[in-house]
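Okay, structure first, notes after.
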Ligand code: NAP
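Pasting the structure below:
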């Protein structure tokens, strides 16, 4: 065979790639934006509209006809019209018979109608093949070309051939079709753009709740208590001191909450002796939002780093340092370096730095662009092994810093423990249970269960 034949073939224009005409009903925002994109991708576009007058906004290479005339020119018709106007399509049933109708509509509320818009369209026009697509892409993103966030197009439909035709168009536009199955999936696809950070709700509310709780806790113990009993006004603590106490505490608790569901799941599996029974709903949901919990924890830890870095330039800190120097000068006495304190301070800082470094590494590997480039084992190594190491470092960082107050009665203002003690409860519990779980006598049956072994098999061979 001629070595160059494939090159010659590649250079020959591919005439079979000529795009089929696509019809778009509706010359509104979405219809025009999609029409522009289609023309750019080589599709002849014909609009079906109530008014056949061309306007400046309509892509100039497109034709505008009546709905019936436009429908006759294409096998695929995109319905860029709101659901409430779909009734006007019923008289066109004959001309739309056998055509592929693409429903791109969205609603204003979740589950606004008993059936999805696409199913409603299929009921109105039983002779047509309805496919749901494009509803998660915005007209603005199509027109401006900023499709990075919304490159995926969910597609569903009952007719495999019609669905394939629509998926081919999606691909030709430079987008990624995701086959979601039959038209039954349309309701879920229509609800998708109406959801507001669904996986983030629980982590955000939890972190806000923890922040509010610890804020009032610190307000009471650090400001109100000192004002009442020591007659000192430390209200300026609200700006930096208190946030710098809350941020590491919330970060540590959230990081521990990332690993707590895994530990609970292991206990449940050991207790049940099987992995084939579903976890309670709350645990399933908790496990699904671990990434979001971890990212919020990282944000709090980063704030803690920033607050700590500005410490030396704070007026209060300069005043306290100056006061210490003056008091040594007045007493004509230099305090000797306390080696134990120097060790504690350096270890506490070193543990914090290492913990934060691993924390950032966990955050980076959870980004899709990074996680897509590591295999499952590598991902688990970072998220589980290095994740636990980050938890150990951060817990130790808090222990070394807060430990000195644990036994001091002055730390128990109004008989309440210091905020650092509260911060350590969940992380220490998680680490202790995890430590027990890695003992061979516990780890072995757990591994067997995770590989499918059952203590009381339901179906014996
Ligand atoms: P739009 O700007 O209001 O356009 C809707 C078009 O529907 C009108 O321009 C009109 O076209 C036609 N129309 C209006 N009333 C009609 C009636 N009584 N009978 C027949 N046709 C009628 O709305 P849009 O933003 O383009 O949205 C269209 C559809 O796309 C909606 O279902 C929406 O949910 C969906 N969608 C929109 C976006 C977006 O970013 N805009 C994103 C995803 C999905 P003619 O004047 O040419 O007849």
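In full-length UniProt numbering, the protein residues as written are 1 to 461.
All C-beta atoms in this analysis are idealised placements derived from N, C-alpha and C, irrespective of residue type, glycine included.
These numbers come from a predicted model, not from an experiment.
heavy atom of the ligand NAP below 7 Å from residue i C-beta
| i | result |
| --- | --- |
| residue 68 | no |
| residue 151 | no |
| residue 35 | no |
| residue 82 | yes |
| residue 131 | no |
| residue 27 | yes |
| residue 138 | yes |
| residue 104 | yes |
| residue 277 | no |
| residue 50 | yes |
| residue 97 | no |
| residue 31 | yes |
| residue 536 | Because the chain in this structure spans residues 1 to 461, residue 536 falls outside the shown range and cannot be described. |
| residue 135 | yes |
| residue 85 | yes |
Simplified DSSP assignment, three categories, for residue i
| i | result |
| --- | --- |
| residue 137 | coil |
| residue 441 | helix |
| residue 9 | For residue 9, the predicted model reports a pLDDT of 40, less than 50, meaning its position is unreliable; a value from the coordinates is still stated below. Residue state, collapsed to three classes: helix. |
| residue 383 | helix |
| residue 129 | strand |
| residue 1 | Residue confidence is low: residue 1 scores 38 on pLDDT, short of 50, so the model does not pin down where it sits. Its coordinate-derived value is still stated next. Of the three classes helix, strand and coil, the one that applies to residue 1 here is coil, per DSSP. |
| residue 58 | coil |
| residue 158 | coil |
| residue 240 | coil |
| residue 77 | strand |
| residue 430 | helix |
| residue 310 | coil |
| residue 318 | helix |
| residue 207 | helix |
| residue 462 | Since the displayed the chain opens at 1 and closes at 461, residue 462 lies outside it and no answer follows. |
| residue 370 | helix |
| residue 282 | helix |
| residue 15 | Per-residue confidence for residue 15 stands at a pLDDT of 46, beneath the threshold of 50, marking its modelled position as unreliable; the derived number appears in the next sentence. Three-state DSSP puts residue 15 in a helix. |
| residue 190 | helix |
| residue 341 | helix |
| residue 113 | coil |
| residue 90 | helix |
| residue 375 | coil |
| residue 365 | helix |
| residue 415 | helix |
| residue 245 | helix |
According to DSSP, residues forming a beta bridge with residue i
| i | result |
| --- | --- |
| residue 48 | 25, 65 |
| residue 177 | 153 |
| residue 346 | According to DSSP, residue 346 bridges with nothing at all. |
| residue 103 | 79, 132 |
Closest by C-alpha distance to residue i, when choosing among the options
| i | options | result |
| --- | --- | --- |
| residue 361 | 386, 446, 290 | 386 |
| residue 81 | 87, 25, 64 | 25 |
| residue 162 | 448, 120, 131, 230 | 131 |
| residue 180 | 173, 202, 196, 157 | 157 |
| residue 123 | 365, 83, 112 | 83 |
| residue 241 | 309, 286, 176 | 309 |
| residue 413 | 218, 212, 207, 140 | 218 |
| residue 405 | 444, 418, 187 | 418 |
| residue 263 | 427, 395, 45 | 427 |
| residue 46 | 70, 380, 331 | 70 |
| residue 299 | 403, 260, 203 | 203 |
| residue 133 | 112, 172, 271, 78 | 78 |
| residue 396 | 431, 200, 155 | 431 |
| residue 168 | 376, 18, 454 | 18 |
| residue 135 | 117, 378, 436 | 117 |
| residue 437 | 259, 333, 423 | 259 |
| residue 317 | 237, 53, 111 | 237 |
| residue 174 | 185, 303, 137, 160 | 137 |
| residue 226 | 429, 207, 410 | 410 |
| residue 178 | 197, 198, 151, 199 | 151 |
| residue 145 | 34, 165, 394 | 34 |
**OP:** Answer yes if the segment 101 to 116 comes into contact with the segment 189 to 203, meaning at least three C-beta pairs across the two stretches below 8 Å, and no otherwise.
**Re:** Pairwise C-beta distances place the segment 189 to 203 in contact with the segment 101 to 116, as three or more of them are shorter than 8 Å.
Subject >> Inter-stretch contact (C-beta, 8 Å, three-pair minimum) for the segment 271 to 281 and the segment 334 to 349 >> reply: Taking a cut-off of 8 Å on C-beta distances, the segment 271 to 281 does not touch the segment 334 to 349, as fewer than three cross pairs fall below it.
Original post:
Is the segment 23 to 42 in contact with the segment 55 to 63, if contact means three or more CB pairs nearer than 8 Å?
Top reply: At 8 Å Cβ cutoff, the stretches touch.
Original post:
Per the contact definition of three or more C-beta pairs closer than 8 Å, is the segment 430 to 447 in contact with the segment 233 to 251?
Top reply: Counting Cβ pairs under 8 Å, fewer than three are found: no touch.
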